[in-house]
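Numbering (full-length UniProt numbering), first residue to last: 1 to 527.
Next up, the structure:
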């Protein structure tokens with residue numbers, strides 16, 4: 001028998017909109033007790049506000065400049081400056097630097113570099129060319145004639161805007177900025193229709209990466225029966241493209257208006273489609289395993305970039321838990337049921353046009369916030385811990401330095417606490433990384449780190465240090481001071497500055513938090 005609260009959370013609440021009436025609350029007790037604040041000023045999605053307000057009973061904040069929030073949900077990117085100013089208990093739903101994965105040109109460039117080094121391991125995406133700089137290579141591909149059809153995408157578009165197919169090199173302007181990919185012309189078909197998968201993948205940390213995959217998502221169908229591309233059907237977007245924003249404009253599009261029947265219409269749930277395929281004898285377990293490997297390898301290509309941004313902003317956040325991000329991986333299945341990565345969306349749509357959308361996305365957001373341990377108890381534990389550290393620092397007048405061994409011990413302790421909590425609060429997520437043995441993927445991260453060092457010039461600094469170490473001892477003593485001044489100080493300057501800023505902000509915010517708590521206690525007493 002479900003409790004009243006469980007019934008309320010599980011009932012169908014699709015109305016096409018969410019009306020946030022902050023003065024209404026069915027539970028009078030929730031008015032009296034302190035609760036979390038969710039800043040939703042920068043999101044247009046009603047389902048996000050609905051989850052925060054109706055399921056978690058949080059207060060919604062709409063002031064963009066306020067810093068009293070506990071969780072900030074934004075539809076845009078997050079700058080490093082924003083993360084750097086955050087308090088240790090606050091969380092935000094994006095990572096700085098995620099453009100390296102979400103922009104089509106950056107994703108294509110990173111994956112092609114990895115394929116060049118690991119050709120067997122990185123075959124899970126179509127061959128890609130970036131125009132205009134790789135126009136010559138693309139032209140040579142046409143001359144060879146092995147691939148006859150290519151799909152052309154603007155670098156920063158979404159929802160299928162500006163995408164077209166070509167079979168002639170003269171149909172693309174060599175001076176325009178496009179991402180061109182080999183067109184995968186042998187898709188797996190259901191009911192004669194081409195489709196793709198929108199799989200939701202949660203990144204919950206950068207070092208180590210913490211990757212979770214939601215076990216339900218969307219299957220988006222084209223609305224015209226599939227025929228392999230020919231010169232006379234290249235413009236038939238309803239047949240070749242599976243984007244929902246495009247196909248819903250087709251009069252043939254069938255909406256799913258009943259969340260109890262998720263296997264009908266041109267947008268269905270992954271669980272319903274995979275369930276039917278499994279009944280027909282297809283190995284869905286192997287398909288999931290293939291997709292898990294695809295997700296991990298994709299994240300490996302950008303782990304050094306994301307981790308650099310994160311640690312530069314929050315060098316003392318040993319719990320690795322102030323950012324999280326739900327990414328939408330668009331997956332193509334070929335005729336052998338092999339998955340291919342089409343693109344990654346850093347802000348997947350949370351529109352709820354149908355009850356199917358609402359059910360999946362509401363549960364996804366709810367399970368994500370539970371998994372990220374966004375609650376009052378966790379907040380109080382973090383604030384108390386930081387307050388003790390700050391008070392100790394104020395008494396001694398300086399920050400206590402810890403050894404590298406002590407630091408690693410703290411990190412391991414924090415990670416163990418996270419593991420215990422998250423393993424017990426997975427919801428419909430499954431954890432795919434880190435693994436007990438991650439050696440297979442460490443080599444990908446190491447190579448990606450080398451690429452990042454080459455791009456930023458870090459290798460030059462390492463080589464300079466090595467050259468000084470190779471000098472005779474008397475020359476080393478002279479050169480060591482130059483190393484310290486030109487390299488070490490430069491590498492630690494930003495970190496020290498950020499740490500000092502974080503300390504000042506936390507002292508100020510700790511005092512403000514105490515004042516707010518005292519005021520709320522007085523208000524409760526008066527009530």
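We treat Cβ as the ideally placed atom computed from N, Cα and C, and that holds for glycine.
The beta carbons of residue 180 and residue 131 sit about 6 Å from each other, so the pair counts as a contact at 8 Å. For residue 443, the three-state secondary structure derived from DSSP is helix.
In summary, residue 187 is buried, with 16 or more beta-carbon neighbours lying within 10 Å of its beta-carbon over all protein chains present.
The beta carbons of residue 122 and residue 107 sit about 12 Å from each other, so the pair does not count as a contact at 8 Å. Look at residue 132 here: in three-state DSSP terms it is coil, with no helix or strand label. Rounded to the nearest angstrom, the gap between the Cα atoms of residue 39 and residue 51 is 13 Å.
Taking the Cβ atoms as the reference, residue 296 lies roughly 6 Å from residue 441, within the contact range of under 8 Å. Across the set 317, 361, 346, the C-alpha of 346 shows the shortest separation from the C-alpha of residue 330. Taking 8 Å as the upper bound for CB-CB distance, residue 206 and residue 220 are not in contact here, some 30 Å apart. Under the three-state reduction of DSSP output, residue 156 falls in the coil class, being neither helix nor strand. The stretch 265 to 285 and the stretch 224 to 241 do not touch, with fewer than three beta-carbon pairs separated by less than 8 Å.
Under the three-state reduction of DSSP, residue 144 is assigned to helix. Nearest neighbour of residue 435 by Cα position, chosen from 292, 454, 305, 379, turns out to be 292. For residue 279, the uninterrupted alpha helix (DSSP H) segment begins and ends at 270 to 279. Contact annotation, residue 204 with residue 324: C-beta distance approximately 5 Å; criterion of less than 8 Å satisfied. Setting aside the 5 residues that flank it on each side, residue 90 is surrounded in the same chain by 69, 70, 71, 72, 322, each with a C-beta closer than 8 Å to its C-beta; the list follows chain order.
When the five nearest sequence neighbours on each side are left out, the beta carbons in the same chain lying within less than 8 Å of the beta carbon of residue 238 are those of 222, 223, 224, 246, 247, 250, 252, in order along the chain. For residue 360, no beta strand (DSSP E) encloses it; the enclosing alpha helix (DSSP H) starts and ends at 355 to 371.
The stretch 363 to 373 and the stretch 418 to 430 touch, with three or more beta-carbon pairs separated by less than 8 Å. The C-alpha of residue 64 lies about 33 Å from the C-alpha of residue 431. Taking residue 355 as reference, the option from 343, 183, 215, 257 with the minimal CA-CA separation is 257. When secondary structure is reduced to three states using DSSP, residue 455 falls in the helix class. Residue 247: not part of any beta strand (DSSP E); member of the alpha helix (DSSP H) spanning 244 to 247, first to last residue. At least 8 Å separates the beta-carbon of residue 169 from that of residue 151. In the three-state scheme derived from DSSP, where H, G and I count as helix and E and B as strand, residue 111 is classed as helix. Scanning its chain for C-beta atoms nearer than 7 Å, with the 5 sequence neighbours on each side dropped, one finds around residue 142 the residues 169, in chain order.
The C-alpha of residue 77 lies about 26 Å from the C-alpha of residue 57. Of the other Cβ atoms in all chains shown, 16 or more fall within 10 Å of the Cβ of residue 196; this residue is therefore buried. Looking at the DSSP output, residue 343 shares a beta bridge with 330.
Straight-line measurement puts the Cα of residue 314 at about 16 Å from the Cα of residue 383. Distances from the alpha-carbon of residue 128 to those of 146, 81, 183, 74 put 183 closest.
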